[in-house]
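So the structure is just underneath, and the comments pick up after that.
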Amino acid sequence: MKLNAKEFDRAVDRAVRRIPAEIRSQLENVVITVRKRPTRDMLEDAGIPPGETLLGLYQGAALTERSFFAPVEYPDTIFIFQEPLEEMCGTLEELEREIEITVVHEVAHFLGIEEERLAELGYE
Numbered sequence: 001m002k003l004n005a006k007e008f009d010r011a012v013d014r015a016v017r018r019i020p021a022e023i024r025s026q027l028e029n030v031v032i033t034v035r036k037r038p039t040r041d042m043l044e045d046a047g048i049p050p051g052e053t054l055l056g057l058y059q060g061a062a063l064t065e066r067s068f069f070a071p072v073e074y075p076d077t078i079f080i081f082q083e084p085l086e087e088m089c090g091t092l093e094e095l096e097r098e099i100e101i102t103v104v105h106e107v108a109h110f111l112g113i114e115e116e117r118l119a120e121l122g123y124e
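Here the working numbering is used: position 40 in the sequence shown is 40, and no number is missing along the way.
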């Protein structure tokens with residue numbers, strides 16, 4: 001399933017708007033951006049083996065790991081990778097669902113929620 005860049009951006013925007021307002025309000029200093037694919041450095045830094053890819057990536061310090069006294073590095077960034085998401089989906093409905101799962105997954109990393117808990121909640 002392929003979308004043009006504008007359509008994909010709108011799908012990501014819709015996914016972000018579906019996040020509850022009390023969580024969305026914490027994303028003021030988080031940039032959510034779409035890229036076609038992750039870079040080689042992103043894959044290596046995330047420990048992704050050759051031949052595999054990422055659907056999304058959070059870069060920054062989770063809220064649970066921040067100290068009041070530590071300098072804050074702004075902005076935190078959530079990357080959503082268009083082509084890997086499109087490649088795994090056959091329909092628009094599947095693609096929109098995977099975009100939503102990916103956005104929620106990366107926002108959860110910002111909030112400090114671990115992979116195991118995300119899997120329990122159905123956001124693998």
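C-beta: ideal position from N, C-alpha, C; glycine also.
Taking the Cα positions, GLU115 is about 10 Å away from LEU121.
The DSSP assignment places 30-35 as complete runs of the beta strand (DSSP E) inside the region 22-50, in order along the chain (cut-off: 3 residues). Going by DSSP, LEU95 is part of the alpha helix (DSSP H) stretching over 92-111. Only buried fits ILE99, as 16 or more other CB atoms lie within 10 angstroms of its CB. Following the DSSP letters along the chain, one finds LEU85 inside the alpha helix (DSSP H) bounded by residues 82-87. Non-local C-beta neighbours of GLU65 in its own chain, meaning closer than 7 Å and more than five positions away in sequence, comprise GLY112, ordered along the chain. C-alpha of GLU28 to C-alpha of PRO75: approximately 9 Å in a straight line. Burial check for GLN82: the Cβ neighbour count within 10 Å reaches 16 or more, so the residue is buried. Annotation for THR33: THR77, ILE78, PHE79, ILE80 place their beta carbon closer than 8 Å to its own, counting only its chain and skipping 5 residues before and after. For LEU57, the enclosing beta strand (DSSP E) stretches over residues 56-59.
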